[in-house]
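Beneath this line is the structure, given in structure tokens, with notes to follow.
Residue numbers (the numbering used here), protein chains in the order written: chain A, 173 to 374; chain B, 173 to 374.
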């Protein structure tokens with residue numbers, strides 16, 4: 173079993189933190205995505221969308237998409253659940269996980285892609301859309317601060333996949349020159365706690 | 173227990189089809205989102221992002237996000253699983269479900285929102301981004317046709333949440349004047365099959 177990834181990208185980091193929280197050892201294969209090492213026919217056979225990370229199972233099948241990979245390991249290693257324990261907790265974690273992905277990670281990534289020119293050889297950057305995404309990402313810092321005023325972690329009292337996605341997105345926002353503001357005290361308190369978990373170094 | 177929704181929108185339909193597949197009865201409360209019936213303080217207390225659908229549990233807690241609502245019912249009514257049975261099947265369904273959401277449903281919705289002016293009172297439509305999203309959505313019809321050449325359903329041999337998302341997205345693309353092309357024969361074969369399930373009328 174191995175994972176194809178690019179260490180500096182935010183999505184592979186989500187998977188590495190998840191594995192570290194579960195104490196699951198893994199073999200990693202580094203690809204330089206900016207140089208296009210993912211744009212080969214060999215890699216297309218592993219992921220038709222040619223993105224990282226990709227988990228290759230010992231039977232040769234591949235699982236793409238960070239959260240699908242995490243969910244695979246939640247099933248095979250259910251101790252220390254990160255997607256919730258009962259129906260209500262699972263639903264609330266899924267709700268927050270999706271909010272963080274759709275209204276924070278995605279505009280963060282699109283702001284970067286549409287503003288920086290990083291992938292301009294393989295996409296059509298639209299500056300106005302990049303600016304719009306930046307303002308969406310910036311607003312979500314407030315939504316998180318508000319939620320964390322009454323909750324230890326993003327989806328409640330337990331550390332979950334939603335915290336992993338939020339942490340990776342806050343950190344990746346360096347590329348957009350967006351960071352937690354001094355008045356976002358609840359978000360700062362949370363950031364200090366989750367960043368100091370050993371898994372954050374994964 | 174009740175669900176706040178708008179019947180013509182694609183996300184509430186995903187939940188209705190899911191419930192119909194599971195034979196779960198439900199009370200629905202219709203909101204006219206275009207008229208802003210979701211933009212009240214009462215509704216903000218149910219969903220801070222003010223979107224539909226929202227599931228209100230009998231204990232007063234609310235679950236937002238279509239897939240989080242579906243997952244709640246997968247847990248409470250596990251017969252006839254729609255998210256998969258074992259770790260590998262769950263991961264593959266999650267992978268396809270996410271691909272269909274990210275590369276088909278989202279550009280479909282953004283094409284509509286950025287091209288039609290439907291929500292121009294509450295967002296900043298960017299026509300060039302609308303056109304870009306239209307071309308992304310159009311490409312995904314080919315990805316689905318290709319996948320369905322060798323699979324009965326989107327994520328394999330079993331009907332799943334990924335088929336529900338794909339069906340609702342194909343149908344919603346009427347607003348973007350995008351539909352299955354005659355040469356996409358595998359997609360047409362699948363569409364005919366999933367559309368004729370009783371749940372498709374939900």
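Positions of the beta carbon are idealized from the N, C-alpha and C atoms, including for glycine.
What is the DSSP secondary structure of residue i, counted as helix, strand or coil?
i: residue 227 of chain A; result: strand
i: residue 272 of chain B; result: helix
i: residue 299 of chain A; result: helix
i: residue 152 of chain A; result: What the structure shows of chain A is the stretch from 173 to 374, and residue 152 of chain A is not part of that stretch, so it cannot be assessed.
i: residue 237 of chain A; result: coil
i: residue 187 of chain B; result: helix
i: residue 201 of chain B; result: strand
i: residue 328 of chain A; result: strand
i: residue 315 of chain A; result: helix
i: residue 181 of chain A; result: coil
i: residue 194 of chain B; result: helix
i: residue 262 of chain B; result: helix
i: residue 333 of chain A; result: helix
i: residue 290 of chain A; result: coil
Determine the direct distance from the alpha carbon of residue j to that of residue i, and round the result to whole angstroms.
i: residue 364 of chain A; j: residue 182 of chain A; result: 19 Å
i: residue 371 of chain A; j: residue 321 of chain A; result: 24 Å
i: residue 299 of chain B; j: residue 213 of chain A; result: 34 Å
i: residue 349 of chain B; j: residue 192 of chain B; result: 28 Å
i: residue 345 of chain A; j: residue 283 of chain A; result: 9 Å
i: residue 296 of chain B; j: residue 302 of chain B; result: 11 Å
i: residue 224 of chain A; j: residue 201 of chain A; result: 10 Å
i: residue 272 of chain A; j: residue 185 of chain A; result: 15 Å
i: residue 266 of chain A; j: residue 178 of chain A; result: 26 Å
i: residue 275 of chain A; j: residue 226 of chain A; result: 24 Å
i: residue 249 of chain B; j: residue 330 of chain A; result: 25 Å
i: residue 306 of chain A; j: residue 312 of chain A; result: 10 Å
i: residue 279 of chain A; j: residue 268 of chain A; result: 16 Å
i: residue 228 of chain A; j: residue 368 of chain B; result: 36 Å
i: residue 327 of chain B; j: residue 333 of chain B; result: 9 Å
i: residue 195 of chain A; j: residue 253 of chain A; result: 12 Å
i: residue 237 of chain B; j: residue 270 of chain A; result: 7 Å
Report the residue from the options whose alpha carbon sits nearest the alpha carbon of residue i.
i: residue 352 of chain B; options: B:309, B:293, B:284, B:261; result: B:309
i: residue 218 of chain B; options: A:264, A:292, A:293; result: A:264
i: residue 243 of chain A; options: B:268, B:262, B:339; result: B:262
i: residue 355 of chain B; options: B:177, B:215, B:334, B:314; result: B:314
i: residue 335 of chain A; options: A:256, A:305, A:176, A:304; result: A:256
i: residue 358 of chain A; options: A:325, A:333, A:237; result: A:325
i: residue 260 of chain B; options: A:254, A:240, A:277, A:253; result: A:240
i: residue 155 of chain A; options: A:174, A:221, A:220; result: Absent from the model: residue 155 of chain A. The displayed extent of chain A is 173 to 374, so no value can be given.
i: residue 360 of chain A; options: A:342, A:188, A:373, A:281; result: A:342
Could you confirm whether any beta carbon from chain A is found closer than 7 Å to the beta carbon of residue i?
i: residue 362 of chain B; result: no
i: residue 321 of chain B; result: no
i: residue 185 of chain B; result: no
i: residue 173 of chain B; result: no
i: residue 236 of chain B; result: yes
i: residue 267 of chain B; result: yes
i: residue 330 of chain B; result: no
i: residue 262 of chain B; result: yes
i: residue 270 of chain B; result: yes
i: residue 176 of chain B; result: no
i: residue 304 of chain B; result: yes
i: residue 300 of chain B; result: yes
i: residue 240 of chain B; result: yes
i: residue 349 of chain B; result: no
i: residue 252 of chain B; result: no
Comparing the C-beta of residue i with each C-beta of chain B, is any distance below 7 Å?
i: residue 337 of chain A; result: no
i: residue 248 of chain A; result: yes
i: residue 311 of chain A; result: no
i: residue 296 of chain A; result: yes
i: residue 290 of chain A; result: no
i: residue 193 of chain A; result: no
i: residue 259 of chain A; result: yes
i: residue 188 of chain A; result: no
i: residue 324 of chain A; result: no
Would you be able to state if there are at least three C-beta pairs under 8 Å between the stretch 285–297 of chain A and the stretch 311–329 of chain A? Too few Cβ pairs lie closer than 8 Å, so no.
For the pair the stretch 223–236 of chain A and the stretch 203–210 of chain B, tell me if three or more CB-CB distances fall below 8 Å. Below 8 Å, too few C-beta pairs join the stretch 223–236 of chain A and the stretch 203–210 of chain B to call them touching: fewer than three.
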